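Here is the structure we will look at, set down as structure tokens.
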């Protein structure tokens, strides 16, 4: 008898996420997941009715963790300065430091992995991903609007696309970092974004 | 008898590329490709010994086209100004205009698609992708080094990571554009990169 069902469930999900980031959802089988997680086929189907259900729960968990990470980092940055520009610059620095402190290469983004095989997923799953990206847009855009009230941008800029640029830099850096096997790409690109925001809004530069 | 073998070959490759961009390489079967291309199984295996061989030839073709596109756009930009900063700014604008003029949504990047399933590919294929990304790095970095000799950057900047940022913006924009179903993301992000370079190097800003 399984005394720790939640642990088994988490083990299956972690194993599946890791395999999907290497092989894609389409290339991942239930057998792969069972083997990697070290659980029985019975245990797998006790927790998930199908690979499709696992796929949906994985992306929902990923989206929840992503949103929590975003909010926590934003709250932390807001606690370190009263100025919205400094808050956003600190927010980016916190991600930069976090990524620099990782010992393992960054494993990639489950959203991007799913989107590369979007034909395999239903509308509900693609909507979870879309909502996650819109959350980043909204949160960063709110901050940029406050920044614009205090700091006149040195160039005309579309604030929404400037907000999107953070997500773009994350996603693009994951691709380049993986291809070149250079882990530092992500932190370097965040640093470029930081520098761009300073040049745009920080009159002391 | 097939009177136009080159055309059949191209038809197969175009169909395969399009399906792989939707489903991933792992989720694409020879049957899918045959059906989409409207060719016989015999014709397929006359041209390709396996799906793996097709996968390799596809990425090689994509890399060749990508390199040619890069060089042609660079030559065009170099013909429009003598100043290296203006050349790079024009180079980015040319991509921006090209993407804005597309009637169909941008189909995505075959490199990113392959990298999301990197376990399915051998070293040779991953090396083709790596070399393509390094070519972009080298070409843009060469230009940035010439810019730096004439224009002192307004902030400390790592020129290599600034060169990489163009590829990062392309790849990240493809992800965001696909998820949000907003085609304009790519041109907007190229415009942000353009603005960042101006702020860094153009003293008239």
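Residue numbers (UniProt numbering), protein chains in the order written: chain Z, 1 to 205; chain C, 1 to 205.
Glycine included, each C-beta is placed from N, C-alpha and C at the ideal position.
Just so you know, these numbers come straight off a predicted model, no measurement behind them.
Rank the options by C-alpha distance to the C-alpha of residue i and give the top, closest one.
i: residue 154 (chain C); options: C:198, C:98 and C:61; result: C:198
i: residue 126 (chain C); options: Z:187, Z:105, Z:141 and Z:175; result: Z:175
i: residue 64 (chain Z); options: Z:77, Z:111 and Z:104; result: Z:111
i: residue 146 (chain C); options: C:46, C:73 and C:82; result: C:82
i: residue 114 (chain C); options: C:50, C:38, C:72 and C:57; result: C:57
i: residue 50 (chain Z); options: Z:71, Z:28 and Z:4; result: Z:28
i: residue 216 (chain Z); options: Z:66, Z:121 and Z:9; result: In the structure as shown, chain Z starts at 1 and stops at 205, and residue 216 (chain Z) therefore has no counterpart that could be examined.
i: residue 136 (chain Z); options: Z:166, Z:122 and Z:151; result: Z:166
i: residue 123 (chain C); options: C:152, C:59, C:164 and C:40; result: C:59
i: residue 163 (chain C); options: C:152, C:141, C:40 and C:77; result: C:141
i: residue 62 (chain Z); options: Z:152, Z:148, Z:121 and Z:17; result: Z:17
i: residue 46 (chain Z); options: Z:99, Z:4, Z:150 and Z:152; result: Z:4
Start and end of the alpha helix (DSSP H) containing residue i?
i: residue 113 (chain C); result: 110-115
i: residue 188 (chain C); result: 185-201
i: residue 84 (chain C); result: 84-100
i: residue 78 (chain C); result: 51-80
i: residue 135 (chain Z); result: 123-150
i: residue 33 (chain Z); result: 30-37
i: residue 160 (chain C); result: 159-180
i: residue 44 (chain Z); result: 41-47
So residue i and residue j are in contact, right, with Cβ under 8 angstroms, and what is the actual spacing, rounded?
i: residue 108 (chain Z); j: residue 188 (chain Z); result: Their Cβ separation, rounded to whole angstroms, is 17 angstroms, which puts residue 108 (chain Z) and residue 188 (chain Z) out of contact at 8 angstroms.
i: residue 34 (chain Z); j: residue 48 (chain Z); result: Actually they are not in contact, since the Cβ atoms of residue 34 (chain Z) and residue 48 (chain Z) sit about 11 angstroms apart, beyond 8 angstroms.
i: residue 186 (chain Z); j: residue 195 (chain Z); result: Contact doesn't hold; Cβ gap of about 15 angstroms is too wide.
i: residue 90 (chain Z); j: residue 80 (chain Z); result: 5 angstroms
i: residue 202 (chain C); j: residue 85 (chain C); result: 6 angstroms
i: residue 12 (chain C); j: residue 52 (chain C); result: Incorrect: roughly 14 angstroms between the Cβ atoms, too far for contact.
i: residue 190 (chain Z); j: residue 131 (chain Z); result: No, residue 190 (chain Z) and residue 131 (chain Z) are not in contact; Cβ-Cβ is about 23 angstroms, not under 8 angstroms.
i: residue 88 (chain C); j: residue 139 (chain C); result: About 10 angstroms; that fails the 8 angstroms criterion.
i: residue 183 (chain Z); j: residue 106 (chain Z); result: 7 angstroms
Using a threshold of 8 angstroms, state whether the C-beta atoms of residue i and residue j are closer than that.
i: residue 19 (chain Z); j: residue 7 (chain Z); result: no
i: residue 192 (chain Z); j: residue 161 (chain C); result: yes
i: residue 168 (chain C); j: residue 129 (chain Z); result: no
i: residue 144 (chain Z); j: residue 159 (chain Z); result: yes
i: residue 26 (chain C); j: residue 24 (chain Z); result: yes
i: residue 171 (chain C); j: residue 22 (chain Z); result: no
i: residue 116 (chain Z); j: residue 72 (chain C); result: no
i: residue 157 (chain C); j: residue 102 (chain C); result: no
Query - Interface residues of the region 110-132 of chain Z facing chain D [CB-CB below 8 angstroms] - result: As a matter of chain content, chain D is missing from the structure shown, whose protein chains are Z and C.
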